[in-house]
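Enquirer: Structure incoming, see below.
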Amino acid sequence: MWRLCIILGFFTLTTWGVDRSNFKTCEQSAFCRRNRRMQPGKSPFAASTSKAVQIDSENIALDLVNTLNQKEFTLYLKAYEGPSIRVMIDESDRSPFKRYVALPALQDRITQAPVTITSQGEEKMEASFGKNKEHRLVIFSDPFKIEVYSGETLVITANGRGLMKFEHYREREQKKADVEAEVHQEQTQEEDATKVSYNERGEKIVDGEAKKVEDGDPPEDGAKAAVDEPSAAETDGEDLDGAWEETFRAHTDSKERGPMSVGMDFTFEGFDFIYGLPEHADKFALSPTKGKTDPYRLYNLDVFEYETYNPMALYGAVPYMMAHNEKHTVAMLYLNPSETWVDIESPNGGMLSSMVGFVSNQKQESKRETHWFSETGILDIFFMVGPTPQDVAKQYSGITGVTPLPPLFSLAYHQSRWNYNDQDDVRDVDAGFDRHDIPYDVIWLDIEHTQGKRYFTWDPVRFSEPEQMITNLTAKGRRMVTIIDPHIKRDMNYFIHSEASANGFYIKDKSGVDYDGWCWPGSSSYLDFFNPAVRDFWADKFALDQYKGSTEQLFTWNDMNEPSVFNGPEVTMQKDCKHFGNLEHRDVHNMYGLMLHMATYEGHLRRSNKKLRPFVLTRSFFAGSQRYGAVWTGDNMAKWDHLRITIPMLLSLSVSGITFVGADVSGFFGNPDHEMTTRWYQMATWQPFFRGHAHHDTKRREPWLFDETTNSIVKDQLRMRYSMLPLWYTLFYENEQQAQPPMRPLWWNFPEDTEAFGLDDSHLVGDTLLVRPVLEQGATSVNIYFPGKDTVWYDISTRQKFLGGKTLVQPVTIHSIPVFQRGGSILFTKERVRRCSALQARDPYTLTVALDKAGTFANGTVYMDDEVSFDYRKRDLIYALAEYRQGVLSYQLLVGPGKFETPAWVERINIVGLTELPTKITDGEKLLEFSHSEHTVTIRKPAFHMDSQWSLKLHF
Ligand SMILES: *[C@@H]1O[C@H](CO)[C@@H](O)[C@H](O)[C@H]1NC(C)=O
Ligand SMILES: *[C@@H]1O[C@H](CO)[C@@H](O)[C@H](O)[C@H]1NC(C)=O
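In mature numbering (1 follows the signal peptide of the UniProt record, and there is no 0), the protein residues as written are -17 to -1, 1 to 939.
Here it is as structure tokens:
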């Protein structure tokens, strides 16, 4: 959503691009300065490794001390199924303010697994985890550091450079003498780790008497007088620069709780490539930052006209990083929803990464050093030990969950615009798609559909008959999405506002009154979704009798949920605002978007009594947001660099668990020319979430408004997308079952292929297709890297064969982009042209069997169900495997059908890559007719059914 043109228009009339002065640099953020200027090799922390306690089979605890000031900390170790291992560090002597643990990011059914102390002494202790105790973690006492081993291989070192910081709770203006007295008192207290009380499920470390929090009763902000505190001073070796207050532009952040930052360094040992850490408009393989740029910043922000190729914060944050080399894939989740920065260093100056394989006998030590720090919270880190990308994805999904299978229509094409003006406009656009024979499934309404930006309402003039408008669409098998944002117009006649204010459901400002910020409706308050009662209230608002004019076929788009506040610091909320549970906004900022998304998803579940699958798109997100639906990359631009950056941005999200992702086609701001429009549609056809969307100042862009060539290419692309829906749907089912991202980097399935590690210009769809969009204006050829030395690839349109392990320069025209099917795969498509996906439900399938290099093997899966309900969770579905082996093609059900019925049959089978032509093809006794061209044998109308097993034989 574009931000207020009245405020910003002046500054952006002549130039494109972000107004950087709206957003903090590291130098303008006190805790970033404090952490970034720490020097390695000076860690004051020591661990009592000899006194580590095995609390029970799944939990270990030990003490840590800051030897400079004797402050004590407790470290907890837990393991989870997968396996993954978690290290949590918090103050032992808790402040009156509970440090927040980001439980809502974790899935409900997170399952702990054994972690066992295998040795311990003064110098170090070891713990093992994993099914066969095959992985281990070693904690060194002084200086404190942690080594994580995947099997026998050291993969990650934590605090190896000694950059751990944990700013303990203190009262303002405390005198040094007081500190000493306190320290003395604490030292005389008996320490007994077994006193640590403990939550069975293992997520909560905040417990016991000492940790009790007085909710809603923060201490007085009594330290206003202390303006003369030492800035950038060292106190007990501690840097307290900007610890109690800081100002950015017109905004002063009162930090009544004082310095609370935490940080640590993590070294990925033996890795030159690290990925993840969305959301940044940057390359897929993360670049070194230290000494070059600001650190990568994670702070959810509404950034107007964001720029590409830099580490600035964007709308969402997943503090998750993956490292990959030929032998190993590992990952970590640094679970902290406060503002976070991540520095990356390459000890070899980053040279090695661009010269993989260069003088391998002289190869220097590979590693990536990272330094993470957050404004508040605890240190809460999960390590996923791999060793394959598939393992890491499964291990991580055990922590934050997977994308639930979306309703099929949401994988089809969406048509949006800010705004479709009224219900007649909606009807005309809908009719336009039919008139031009272009398929689409969903039409979207932006903020102008409401009555004065009051969400859950309709403009009474322009959308006077919303229910009829929706049912008119539904009658054709189509759907609608409306936008619903978390800022609420402060108007007592607006039911959401009157109920929310009466119930105290809003976030409070620092003085304790309902926060009032400027957003689309003008003066607005923001619902506090951290309060379960607010999520409950919100979810009920989606009931069909509450959201007047809605139907079960109306779905939701959550925007502006960073949250965006036009007149707030960095266009968001003041950090000293107060949330439910005595939290400050700074503690939970990066999770606000997740909490809205969660409540909306719940609303969709409730309105159908949990029968129908929700569809909710969000702009802001955090780790775990995948459990509630789709994410798009916000307000991009119709520029070539924005087209290009889409691939790395979507790959970063995909490998970080957020798999239902897309970008506005063909750029939200600006007017793309015909070439860019064409290239963008060609690219997005192969990306998970596919929506055309545009700013209200742009020219109308419905596909038939382009010239004839562009119109016909766009139409072909959309038809291509619809033919591929069986593939997308199968991949999303497999994503729910096995956590593998549908859109993925080449190395996901070719992990040893170093050539693929740094690619930003191509990706895979499942393990079936290789896609190389055209990303340059005026391109007449592109470089294509075909991964896999023993793999062959077939051009999906010409069926021409290419050998893996090579880069080729291929000519391109405006009419298509290069897409290849992997030899060894079987692709299921639906080739009949329809108006929308619902009308394809009973259509027959085409199978394309692309044989492997030897010409003897291929396999592939297909998934079907009712496309909308949760009945698939009762196994009312078909999940089937087709396999070609030595001349026999067979099809068998792996799961189902249960109560699911389908008339779908096989109308065509193409076999590509045979080394000789068959003399005949038989189905039992029956002869099947076939034809052949140079590369392909085609069997027409074999009429096999998709709900039962069958096979055919090629005779040579
Ligand atoms: C719904 O469709 C009918 C029949 O085409 C049409 O007369 C009516 O205006 C449509 N309603 C809306 C709200 O678009
Ligand atoms: C398809 O074949 C490959 C290679 O043999 C195998 O690894 C994979 O598990 C097979 N897929 C299924 C679903 O059986």
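Here a beta-carbon is modelled for each residue, glycine too, at the ideal position from N, C-alpha and C. Small disclaimer: the values here were computed from a predicted structure and weren't measured.
Measuring only from the beta carbon, is N476 closer than 8 Å to any heavy atom that is part of ligand 1?
Expert: What you label residue 476 is simply residue 493 of the sequence shown in a count that begins at 1. Not so, every heavy atom of ligand 1 lies at least 8 Å from the Cβ.
Enquirer: With which residues is P794 paired in a DSSP beta bridge?
Expert: Mapped onto the sequence shown, residue 794 falls at position 811. Paired residue(s): S764.
Enquirer: Quick test of the definition: if touching needs 3 or more C-beta pairs under 8 Å, does the stretch 398 to 405 touch the stretch 508 to 519?
Expert: no
Enquirer: Just to confirm, is the Cβ distance from L636 to F605 under 9 Å?
Expert: Residue numbering aside, residue 636 sits at position 653 when the sequence shown is read from its first letter. Residue numbering aside, residue 605 sits at position 622 when the sequence shown is read from its first letter. At least 9 Å separates the beta-carbon of L636 from that of F605.
Enquirer: So what does DSSP say about H263, is it helix, strand or coil?
Expert: Counting from 1 along the sequence shown, the entry for residue 263 is found at position 280. Correct three-state label for H263: coil.
Enquirer: Examine the Cβ distances between the stretch 68 to 76 and the stretch 360 to 371 and report whether three or more of them are shorter than 8 Å.
Expert: yes
Enquirer: Which value, in whole angstroms, describes the spacing of the CA atoms of G104 and F251?
Expert: On the sequence shown, position 121 is the one that residue 104 refers to. On the sequence shown, position 268 is the one that residue 251 refers to. Cα atoms of G104 and F251: separation of roughly 26 Å, rounded to the nearest angstrom.
Enquirer: Give me whichever residues DSSP pairs with R119 in a beta bridge.
Expert: What you label residue 119 is simply residue 136 of the sequence shown in a count that begins at 1. Beta-bridge annotation (DSSP): R119 is paired with S111, Y132.
Enquirer: Rounded to whole angstroms, what's the CA-CA distance from H587 to F520? Just pull it up for me.
Expert: Position 604 of the sequence shown, counting from 1, holds the residue named residue 587. Position 537 of the sequence shown, counting from 1, holds the residue named residue 520. So the two alpha carbons sit approximately 13 Å from each other.
Enquirer: Assuming the contact rule is C-beta atoms closer than 8 Å, E322 and Y282 should be a hit. Round their C-beta distance to whole Å, please.
Expert: For the purposes of this step, residue 322 is taken as the residue at position 339 of the sequence shown. For the purposes of this step, residue 282 is taken as the residue at position 299 of the sequence shown. Going by Cβ atoms, the distance from E322 to Y282 rounds to 4 Å, so yes, they are a contact pair.
Enquirer: Cα-Cα, which of L86, Q11, S102 is closest to V36?
Expert: One-based indexing of the sequence shown puts residue 36 at position 53. Comparing Cα-Cα distances from V36 to each of L86, Q11, S102, the minimum goes to S102.
Enquirer: Which residue's Cα is closest to the Cα of H432: L860, D407, G134, E348?
Expert: What you label residue 432 is simply residue 449 of the sequence shown in a count that begins at 1. Answer by Cα proximity: D407.
Enquirer: Return the CA-CA distance between D236 and V795, expressed in angstroms with no decimal places.
Expert: Along the sequence shown, one-based indexing puts residue 236 at 253. Along the sequence shown, one-based indexing puts residue 795 at 812. One C-alpha to the other measures close to 54 Å.
Enquirer: Would you tell me roughly how many angstroms separate the C-alpha atoms of V325 and F598, rounded to the nearest one?
Expert: Counted from its first residue, the sequence shown places residue 325 at position 342. Counted from its first residue, the sequence shown places residue 598 at position 615. Rounded to the nearest angstrom, the two C-alpha atoms are 32 Å apart.
Enquirer: Tell me the residue span of the beta strand (DSSP E) that contains Y303.
Expert: For this step, residue 303 is matched to residue 320 along the sequence shown. Element bounds for Y303: 303 to 307.
Enquirer: Leaving out five residues before and five after K772 in sequence, what residues of the same chain have Cβ atoms less than 7 Å from its Cβ?
Expert: Locating residue 772 in the sequence shown gives position 789, counting from the first residue. Contacts found: G787, G788.
Enquirer: Jot down the residue ranges of each uninterrupted alpha helix (DSSP H) in the stretch 345 to 426, minimum 4 residues, whole runs only, in chain order.
Expert: Within the stretch 345 to 426, the complete alpha helix (DSSP H) runs of at least 4 residues are 372 to 383, 406 to 418.
Enquirer: Below 6 Å CB to CB, which residues in the same chain sit around Q170 once its five sequence neighbours on both sides are set aside?
Expert: Position 187 of the sequence shown holds residue 170. Because Q170 sits at a pLDDT of 40, beneath the cut-off of 50, its placement in the model cannot be relied upon, and the following sentence gives the value as read from the coordinates. There are no such residues.
Enquirer: Sort L688, V301, K266 by Cα distance to M574 and report the nearest one.
Expert: In the sequence shown, counting from the first residue as 1, residue 574 sits at position 591. Here the closest residue by C-alpha is V301.
Enquirer: Pick helix, strand or coil for R610, following the three-state DSSP scheme.
Expert: In the sequence shown, the residue the question calls residue 610 occupies position 627. Of the three classes helix, strand and coil, the one that applies to R610 here is helix, per DSSP.
Enquirer: What does a CB cutoff of less than 7 Å around Y477 pick up in its chain, not counting 5 residues either side in sequence?
Expert: Within the sequence shown, residue 477 is the residue found at index 494, counting from 1. Closer than 7 Å at Cβ, skipping near neighbours: R437.
Enquirer: Check whether the stretch 697 to 717 and the stretch 730 to 739 are in contact - that is, three or more C-beta pairs closer than 8 Å.
Expert: no
Enquirer: Distance check for G650 and A677, CA to CA, integer angstroms please.
Expert: As a first step, residue 677 must be located in the sequence shown, where it is residue number 694. As a first step, residue 650 must be located in the sequence shown, where it is residue number 667. Cα to Cα, the separation comes out at about 7 Å.
Enquirer: Return the Cβ separation of P725 and L714 in integer angstroms, given the expectation that the two are a contact with Cβ distance under 8 Å.
Expert: One-based indexing of the sequence shown puts residue 725 at position 742. One-based indexing of the sequence shown puts residue 714 at position 731. Confirmed, about 4 Å.
Enquirer: I'd like the span of the alpha helix (DSSP H) that includes M707, first residue to last.
Expert: If you number the sequence shown from 1, residue 707 lands on position 724. Neither: M707 is in no alpha helix (DSSP H) and is coded neither H nor E.
Enquirer: Let's test the definition: count the other Cβ atoms within 10 Å of the Cβ of L47 and tell me whether it reaches 16, buried, or not, exposed.
Expert: Reading the sequence shown from its first residue, position 64 is the one you call residue 47. Counting other Cβ atoms within 10 Å of its Cβ, L47 reaches 16 or more and is therefore classed as buried.
Enquirer: Quick check: the Cα distance between S916 and I892, rounded to an integer number of angstroms?
Expert: Against the sequence shown, residue 916 aligns to sequence position 933. Against the sequence shown, residue 892 aligns to sequence position 909. Using only the alpha carbons, I get a separation of about 13 Å.
Enquirer: Is E448 near ligand 1, judged by its Cβ being under 8 Å from some heavy atom?
Expert: For this step, residue 448 is matched to residue 465 along the sequence shown. E448 Cβ: within cutoff of ligand 1.
Enquirer: What did DSSP end up calling C15 once you bin it into helix, strand or coil?
Expert: The count along the sequence shown starts at 1 and reaches residue 15 at position 32. Here C15 sits in helix by DSSP.
Enquirer: Answer yes if the stretch 579 to 594 comes into contact with the stretch 537 to 553, meaning at least three C-beta pairs across the two stretches below 8 Å, and no otherwise.
Expert: yes
Enquirer: Just tell me which of I257, W933, Y530 has its CA closest to the CA of W441.
Expert: Taking the first residue of the sequence shown as position 1, residue 441 is located at position 458. That would be Y530, whose Cα lies nearest to the Cα of W441.
Enquirer: Please go through the same chain and pick out, in chain order, the residues whose beta-carbon is closer than 6 Å to the beta-carbon of T539, but skip the five residues on each side of it.
Expert: Mapped onto the sequence shown, residue 539 falls at position 556. Cβ neighbours of T539 beyond the five flanking positions: I467, T583, V599.
Enquirer: Roughly how far, in whole angstroms, is the beta-carbon of F811 from the beta-carbon of G843, given that I think they are within contact range, below 8 Å?
Expert: Mapped onto the sequence shown, residue 811 falls at position 828. Mapped onto the sequence shown, residue 843 falls at position 860. Sure, about 7 Å apart at Cβ, within 8 Å.
Enquirer: If you run the structure through DSSP and keep just helix, strand and coil, what is Y498?
Expert: Locating residue 498 in the sequence shown gives position 515, where the first residue counts as 1. Reduced to three states, the DSSP call for Y498 is coil.
Enquirer: Is there contact between the stretch 878 to 898 and the stretch 838 to 858, where contact requires at least three CB pairs shorter than 8 Å?
Expert: yes
Enquirer: Among all the DSSP beta bridges, which residues are the ones paired with T601?
Expert: Here residue 601 refers to the residue found at position 618 of the sequence shown. Bridge partners of T601: N541, V614.
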